[in-house]
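Student: Residue numbering for the sequence shown follows UniProt numbering, starting at 1 and increasing by one per position. For glycine and all other residues, C-beta sits at the position ideal for the given N, C-alpha and C. The structure under discussion is supplied below as structure tokens; questions concerning it will follow.
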Amino acid sequence: MIIEEIFMGFYETTSTTAEALFNIVKNILAQFDLNITLYKHIKEIEPRALYVHCNAHNLNLVVQDGMECISSVKNFIGVIKELINFIRDSPKRQGCFKEFQSNTSPMLAQFCPTRCCVRVKSLKTLYELSNYEAARLFFESNSTFDCSSYAKTLGFLKHLESFNFYFYLSFMIRIFEVIEALNTNLQKTNLNIQEAHVKEMENVAIGKNKYEDSGIENALAEYKNLILRSLHSTAYDFDIEKLTLHRRIFFDVVDSRKLTVTSLGDVITILQKDKSMRDLVSEYTKLIKILLTIPVTTCTAELSFSALRRLKTYLRSSILQVRLNSIAVLHEHSDIAETLDIDALMDEFIVRNKNRSSTFALNDSRS
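What follows is the structure, given as structure tokens:
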């Protein structure tokens with residue numbers, strides 16, 4: 001009962017239609033002998049399948065839509081993005097900006113254009129007092145800029161010298177700090193869906209001091225009712241009477257042992273440590289396993305694409321799909337690859353071909 005994501009590989013497709021992607025997923029599952037059967041096509045085979053949105057992506061979309069609704073914030077984000085990019089996009093302007101910086105001041109961090117949840121780092125580099133003053137002096141010395149840039153520098157300087165701009169910079173950093181903390185928590189591989197919603201509520205409470213604890217409890221209660229309604233809609237997966245009985249037995253045993261259960265994580269810990277308990281409340285254990293298989297985020301899966309930059313280099317630009325996929329699997333599961341016996345693998349590679357057997361020698365353990 002441990003949550004684990006396993007990288008299966010990269011797979012090439014010439015089409016991004018639902019039918020093509022569905023066939024790829026189905027073939028991969030069959031290839032790895034996984035008896036698991038996008039959404040519409042899978043639903044035809046497995047009506048019990050649930051479509052789950054990525055919580056981290058949802059957070060990003062909510063923040064983005066929220067900022068779009070407030071014209072002053074929307075204007076501030078547009079200005080600061082252009083201001084930072086104006087300095088960073090030119091090595092000459094970067095050099096001029098460094099002349100006004102102190103020796104310990106960091107360079108302005110890139111402002112992410114799409115992911116609202118990771119913008120706080122960029123805002124903080126400008127918010128630092130020495131950098132803010134350096135930016136003001138940099139744009140004040142606009143006589144060195146050409147005609148096309150001169151008007152921009154005057155506009156940026158006007159914003160930097162206004163109280164509204166500094167207020168929004170300070171205000172947005174405080175908001176983005178809470179959002180970034182939540183975004184980081186939602187990307188953990190061992191996070192289950194119940195803990196994800198708890199973290200969302202906790203971060204809302206941190207960001208808004210007037211948010212009462214009862215509001216969190218009510219939201220969690222509504223979420224539990226949603227889970228129960230979904231269970232009733234797929235009741236043929238469970239024996240409801242048996243599930244109710246096993247749940248009662250589980251908590252009776254917990255109370256008799258004087259254990260504390262305040263979250264789904266506590267239930268998982270008890271079931272992991274006690275096999276007899278899992279056998280005793282098998283229907284309840286089945287429910288917990290299903291809850292654990294509901295994905296919270298797709299961010300960890302998408303991070304595997306970052307490996308392509310390291311794997312498919314200029315020297316490997318003509319690498320074929322099968323070899324690239326094999327290298328990617330070894331890279332993503334390096335902890336397992338490091339435990340393999342290389343000598344044994346080399347021996348097996350040699351003995352599978354007569355020409356290699358006559359050319360290469362086996363190690364001492366096989367000779």
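Would you report the Cα separation of Q68 and F156, rounded to the nearest angstrom?
Tutor: Per the sequence presented here, residue 68 reads as Glu, with Gln not at that position. So the alpha carbons of these two residues sit roughly 21 Å apart.
Student: For the stretch 19-35 against the stretch 349-356, are there 3 or more C-beta pairs whose distance is under 8 Å?
Tutor: The stretch 19-35 vs the stretch 349-356: no contact.
Student: Flag this pair as touching only if the stretch 102-122 and the stretch 171-187 have three or more C-beta atom pairs under 8 Å; answer yes or no.
Tutor: yes
Student: Just to confirm my understanding: we take F10, look at its own chain, exclude 5 residues before and 5 after, and list those with CB closer than 6 Å. What are they?
Tutor: N325 and A328
Student: Could you compute how far the alpha carbon of D279 sits from the alpha carbon of M8?
Tutor: 31 Å
Student: Indicate the three-state DSSP secondary structure (helix, strand or coil) for K188 in the structure shown.
Tutor: coil
Student: Using the C-alpha atoms, what's the distance from S263 back to E176?
Tutor: The identity of residue 176 in the sequence shown is Phe, whereas the question assumes Glu. Cα-Cα distance, rounded: 27 Å.
Student: Taking just the CA atoms, how far does R257 sit from Q64?
Tutor: Roughly 48 Å separates the two Cα atoms.
Student: Confirm, please, whether the CB-CB distance from I84 to L108 is below 8 Å.
Tutor: yes
Student: When you compare only the Cα positions, how much space is there between L29 and M172?
Tutor: Using only the alpha carbons, I get a separation of about 44 Å.
Student: Does the beta carbon of S130 sit closer than 8 Å to a beta carbon anywhere in chain B?
Tutor: Structure shown: chain B not included; a single protein chain is present.
Student: On a CA-only basis, which of S334, I290, S358 and E82 is nearest S149? Give me that one, please.
Tutor: Nearest C-alpha to S149: E82.
Student: The alpha helix (DSSP H) that contains V281, what's its start and end?
Tutor: Run containing V281: none; DSSP gives neither H nor E here.
Student: If you reduce the DSSP assignment to three classes, tell me which class E128 lands in.
Tutor: coil
Student: Just the Cα atoms here: how many angstroms apart are A20 and V322?
Tutor: 19 Å
Student: If you measure between the beta carbons of A134 and F97, is that distance less than 8 Å?
Tutor: yes
Student: For L330, does the three-state DSSP call read helix, strand or coil?
Tutor: helix
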